[in-house]
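Chains as they are written, first to last, in this note's numbering: chain A, 2 to 314; chain B, 20 to 287; chain C, 1261 to 1559; chain D, 8 to 447.
Glycine residues also receive a C-beta, built at the ideal position from the N, C-alpha and C atoms.
Beneath this line is the structure, given in structure tokens, with notes to follow.
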Amino acid sequence: MALQKSEIMLVVAAAVITLLSFAVPDWLAFTTTLAIASAMVVLGVVMLMRAGLVSFGQGLYYCIGGYAVGMGGRFLGITDALVLIGMGVAVTVALAMLLGLLLTRYREIFFAMLTLAFSMILYGILVKSQNLGSTDGFGVGNWTLLWFDPEGGKGSKTVLWLATAVGLAVALFLNRYFGSAIGLACEAIRENEVRVEYMGMSRRQILYINYVIAAAIGSIGGSLTSLAAGHVDPTMAYWTISGEFVFIALLGGTGHVAASFIAAMIFIMVRTYAVELFPNSWQLILGTVLLLIILFLPKGIWSLFTRKRRVAS
Amino acid sequence: MTEILKTEGLSRYFGAVVAAEDINVTITEGEIVGVIGSNGAGKTTFINMVTGYLPPSAGTIAFDGHPIKGLGPRKLMRKGLSRSFQIPQLFLELSVLDNLSMALSASEHRHLEMLRPVRTPERIAAADEILNQMGITQYRDEMVTAMPQGARKLLDIAIAMLANPRMLLLDEPTSGVSTDEKHALMDTVMEVVKRRGLTVLFVEHDMEIVRKYVTRVLAFASGVVIKDGPVEDVLADEQVQELVTGKRQQKPTEGKNDTQDETQKGGA
Amino acid sequence: MLTVWAILIDGLIYASWLFLVAAGLTVIYGVMRILNMAHGSLYALGAYAAASALGWYYNGVGDQLWIALAMIAACAVMIGALAGVIMERGVLRLMYGRDEVLMLIVTFAMLLILEDVMKLIWGTTPYFAYQPYAAMGRFNIGVLTVSGYQLMVVGVSVVVGLALWFWLERTKIGKILRSIIHDREVSEAMGVNVRRMFTITFMIGAALGAIAGGVTAPIISVVPGVGVEVIVVAFAVVVTGGLGSITGAAIGALIVGLARAVSIHTMPELELFIVYAVMASVLIFRPHGLFGQAVARKI
Amino acid sequence: MGHPLSRAGMRRTLLSTATSIALISAGVMGISQAAHAEDTFKVGLVTFLSGGASGPFGVPAAQAAETVIKAINAGELPAPYDSAGVNGLQLESVVIDEAGGPTKQVEEYRNLVQRQNVNAVIGYISSGDCLAVGPVAEEMQTFTIAFDCGTPRLFEDVSNPTYLFRTGLDAVADNVGAAHYLNDAKSDISRLAGIQQNYAWGQDSWQDFTLSMEQLMPDVEIVDNQTPQIFQGNYGTEISALQTRRPDIIHSSMWGGDMEAFVAQANVRGLLEQATAILTTGESGLHRFENQAPNGTILGGRGPFGGFMPENDLSEWFSKAYEAEHGTPPSYPASKMAQALLGLKYAADNSGAEGVPSSEQLAAALKGATFESVSGTVKMALAGGHQAMQPMLYGEYHYSADTGPELRNVRAYKGECVSPPDGQNALEWIKAGFPGADCD
């Protein structure tokens, strides 16, 4: 399979981030890492959105991914980042396979509310878990990457490289996925479920697979966040965090995988500067930006790129 | 000549309303059957029951000798029973090519593939072929929203055919199409049907078209099959005559009828 | 036995409050198909307005209970309706026809904006207008005491419920609204001014949210963020009951209220997720909530 | 002392919001021109400016910072802080909202240090934020003072700190102190209940408190503990549940608006006639409890802060200056912020540095130090010299029209009485019966 054009662009972008990581200040490396990590959760939200479903509970898997890293290090003594991420994915997939059985029956607001309910139930359980630090959460221990011990176990550069590599893999996969039969089938379900069944496809099967993959990717995002931030807490499962992911997904739009990464970076930067410049009214700014985007760019910022291309051609 | 579809005592009630009652129909492989009747006579209800969209209240359905009652649309498609819709059921925001590629991937049982692009060269070729046969090649890369109603009808039928069915049920293939285009459309469709050797059952209001294409007619009234037989016999029947002429008089109020009501939101 | 009585009384009191909060949400959804996340902010607006008015009144102007109660109602209705008009005319109107879920995000954005606007107006110091609550005293029911004010909230909730029922079932506007609920396109085709109806509905829904806040203001301390805490619970209630149904909101509120009271009296640890557990279990068996109706796709 | 809703109060709120915005924008403007100016010392202040913790804690702390920083720069503080600036440098501040959760705070912390180039960070009310930021402070080698958060796990997680300090007490001291106070002042109680916000602070507080009670008053029966959600506001059901259990003492670690709402509701419902409440953070409502809390309600202030401040030059100056600027006497979070800033000034003045002191110099100066503050003399005697050891005080709320709100029957417990000896796990120390505690 030859690389498509957008795949080459993704690889180039990843290479550029890796190269720039040697030049940029530490805070920017950290911010970029967080952006990549949340972009992955957002991609999960985007996957569901393409199928016409909005999840207000993707924080559930984000949180599981984060806690898997924290608990794997703390209670099982596992230090390898990839193994920790893998553990999170395993737990997530198991849970998503169970919840997916139920959730694929729901649409629209009911899907949104049920996903929200499940993530809030996890939140409640974690808040009640005093040995996991309750709402305070706990620190993530030092970790290693493939037997080598990056910068004394913390290193923000290493985690950026890791996030870039994992992010690239996920982006390449999803780029293919969105153009594949099942990726298109998801869009078809959003458009017309009756026809999907009358084509001989099972919408529940398609939605189920899509949901489980979206969950797994969300979990990876959570794992990377906790590796970078060095701390996990139940807020990760709180509904406002899930709302943030939906926010970013809308900001980017569902047009292209790259849109989620760009949108996550923009979101984090806008928030950072709004918090800094207007500490008393940053929510106002965020809300206004969101409204303007919905009003003028209903398909997200990615439509800026496609619009330009259309004009050019 | 083998029986392909057989219904016995097929009925459907919506509360106290009788939508279809005691329908006994046997269709043989290779037949082209027309279904006539005024709006609300139970034609669409019949098709919806046969293709698994509406569970029947009573009766049995057999396809190819096997009972199929209780199976959903998806399983029936897989068995070779396909249909089109009065209001085309299409993916409006996808391109025509994507609509067709999707249908092809499903008919190949490959709709769960994740890494291969859905538009393989083989599928593009197959899609081009059917577009060509249907005469709607010019819309290939457009979104469905850009197509006129007649072309959408053809695309809807094309998708139904891509499932490689043995039997095809067409629900009012010419409704919503201008009188001039009706014949051209049906010519195109029946050409493809013949080439593929399909058994066809179609609902039609235009008696000229019925006469032109079918060998046998089922006449519905008030949820019951009042006449079933060769086209000339049925159309000559007094009761049917009344129905046909009566229906002609009714035409201006068509939009308010309950069958219409039941179907008008399909494309939304 | 004492606990059972306490559970029933507490459950009823909490349910009335929940119904007050949820009623506006469900009215707006029923007519406009908008799940208004900013409903919590309207609640907070009502609470702030009532609290500042009461603060002004009790700070030397007077101390008549009935005037205070009238002020709560007036302030809440005014600020709610005003905010409702601004939100509907200023923002929502530009977005009609968009996806239901997108409208959810639009109202989420309004929530963010309103949170900060309220902070700029009222600051962050807690506002506390306990006087009416204190003035209405308490009743002893056996060993239990119930505050008079909370009994009044039960009454207000019943009155609001009946008024809504009357409005929707017995008035001309109500009939028009029901026709919109039934089929928007047909009503539009028949000459109903749907946009005007939307404005009216949103104003009333918003005023209901503000009334809930105003009535609650004397019980709680009004601080930034009160609205955000309320919204998810209100959502859970209306989804449990069936979106868009007033009866559903009432029954949903009762179920959630009682379930919560049972949990607090017997297993306080479960209180945090009891609401979600109730909602999830109802949805598992009734995918559209208790009084919600599935809309079958027509082909 | 008017009602907070009076028009003057409103104007003041608007005014202070405006000034803090002005202050902040001034700070921001400063970035470009003075990013590396050698005559300023830049401190990042992190405190809640939005959400439920902003009113009772975040904003009073930010206002206290405003007052104290102004005075430091003008050299208007009483001795020994009467020199202008810190180590002769003008103090410049960047204020950041603490809302948004630990991950975001880690991000903001990095931004402060690396992008804004602050020389030190003071902040953090939420324990979760402290726990997340603590290790990062060590990693980034930046002098950081946690001014309010109370988790005893802070210096367990950061077990060998160099740059991280806490100039207040942890929550263990609150609850050990509360148990001592009950033992001394309310020896006749027999039934104890609690109500805590449902999160780490509430859970830990209740655990520390009940364990201490088991040691000090083993005969008291624990009849109930309610755990309403944080910011719930309406506690009707919880109050009935408590009433049906008939306690005579109700312990609560609830804070801010939640605490005040609970007190007012419980008072109206008669619960506070039945039982006396002991509120570990009650001091923040001292000036707001009029007609809401019955006389005799026991309040704590998380140490010698707010209304528990001892009389000395610094506390007198601070109370006056704060009230003059912000219209109400300082509550404990304000005092704690003032104390953190004084700690910073002490460290800078004694760093022996030429120009801007480095984080290492500041840390070396503050480690194990003894400095004067609004709460009296602070000894950095815990966590290897990184955490303050201070006395814990409780007293009864009394209001009369003549005197206004005041604290009576105040009892102070020495730091050595309420905090475990350095290096010892708090829970084990309590369970073992407070070995080594000096409570005379």
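When rounded, the separation of the alpha-carbon atoms in C:Phe1279 and C:Gly1300 is 14 Å. Put simply, the CB of C:Leu1404 is near chain D, with a gap under 8 Å to one of its CB atoms. Chain C places no beta carbon closer than 8 Å to that of D:Pro159, leaving this residue out of the contacts. With a cutoff of 8 Å on beta-carbon distance, A:Thr241 and A:Met50 are scored as not near each other. Residues of the segment 92-116 of chain A that bring their beta carbon within less than 8 Å of a beta carbon in chain C comprise Leu103, Arg106, Tyr107, Glu109, Ile110, Phe111, Ala113, Met114 and Leu115, in sequence order. Here C:Trp1326 is exposed, its C-beta having fewer than 16 other C-beta atoms within 10 Å. Taking 8 Å as the threshold, the shortest C-beta distance from A:Asn132 to chain D does not fall below it. With respect to the C-alpha of C:Leu1342, the residue from C:Glu1375, C:Phe1533, C:Gly1306 and C:Ile1332 having the closest C-alpha is C:Gly1306. For B:Leu237, the enclosing beta strand (DSSP E) covers residues Arg235 to Ala240. Rounded to the nearest angstrom, the gap between the Cα atoms of C:Thr1405 and A:Val43 is 50 Å. D:Ala300 is outside the set of residues whose beta carbon lies under 8 Å from a beta carbon in chain C. The Cβ atoms of B:Leu73 and B:Met186 lie no closer than 8 Å to each other. Close to chain C, meaning a Cβ-Cβ distance shorter than 7 Å, are the following residues of the segment 242-255 of chain D: Gly243, Thr244, Glu245, Ser247, Ala248, Gln250 and Thr251. Bounds of the beta strand (DSSP E) holding D:Thr47 are Thr47 to Thr54. Runs of the alpha helix (DSSP H) spanning 4 or more residues and lying entirely within the segment 1358-1383 of chain C occur at 1360-1382, in chain order.
When the Cα atoms are used, B:Leu262 and B:Phe239 turn out to be separated by approximately 9 Å. For a cut-off of 8 Å, the C-beta gap from C:Val1414 to C:Leu1272 is around 6 Å, short enough to register as a contact. Proximity of chain A to B:Pro74 at the Cβ level (cut-off 7 Å) is not reached, the minimal Cβ distance being about 14 Å.
D:Asp231 is bridged by DSSP to D:Ala200. Chain order gives no chain A residues near B:Gln105, where near means a beta carbon separation below 8 Å; the closest approach is about 12 Å.
Under the Cβ criterion of 8 Å, A:Asn193 is counted among the residues facing chain B. Using a C-beta cut-off of 8 Å, the segment 1385-1392 of chain C makes contact with the segment 1467-1484 of chain C, since at least three inter-stretch Cβ pairs fall below that distance. In the displayed model, D:Ala86 falls within coil according to three-state DSSP, outside both helix and strand. Under a criterion of Cβ atoms nearer than 9 Å, the residues of chain C adjacent to D:Val66 are, in order, Gly1383, Thr1384 and Thr1385. D:Asp155 places its beta carbon 8 Å or farther from that of A:Val276.
Here the alpha carbon of A:Ile126 sits roughly 25 Å from the alpha carbon of A:Tyr209. Residues of chain C whose Cβ lies closer than 7 Å to the Cβ of D:Val275 are, in chain order, Tyr1393, Ala1394, Arg1398 and Ser1407.
Only residues of its own chain outside the window of five on either side were considered, and among them Ala122 have a CB closer than 6 Å to the CB of B:Ile178, listed in chain order. Under the Cβ criterion of 8 Å, A:Ala36 is not counted among the residues facing chain D. Membership of A:Pro299 in any beta strand (DSSP E) is not indicated, and neither H nor E is assigned to it by DSSP. Excluding sequence positions up to five before and after A:Leu175, its CB lies within less than 7 Å of the CB of Leu44 and Val258, all in the same chain and listed in chain order. According to DSSP, D:Tyr406 shares a beta bridge with D:Pro412. Straight-line spacing of the CA atoms in D:His258 and C:Phe1458 works out to 50 Å. Look at A:Gly45 here: in three-state DSSP terms it is helix.
The beta-carbon of B:Ala122 is placed less than 8 Å from the nearest beta-carbon of chain A. When the beta-carbon positions are compared, C:Ala1466 and C:Gly1350 stay at least 8 Å from each other.
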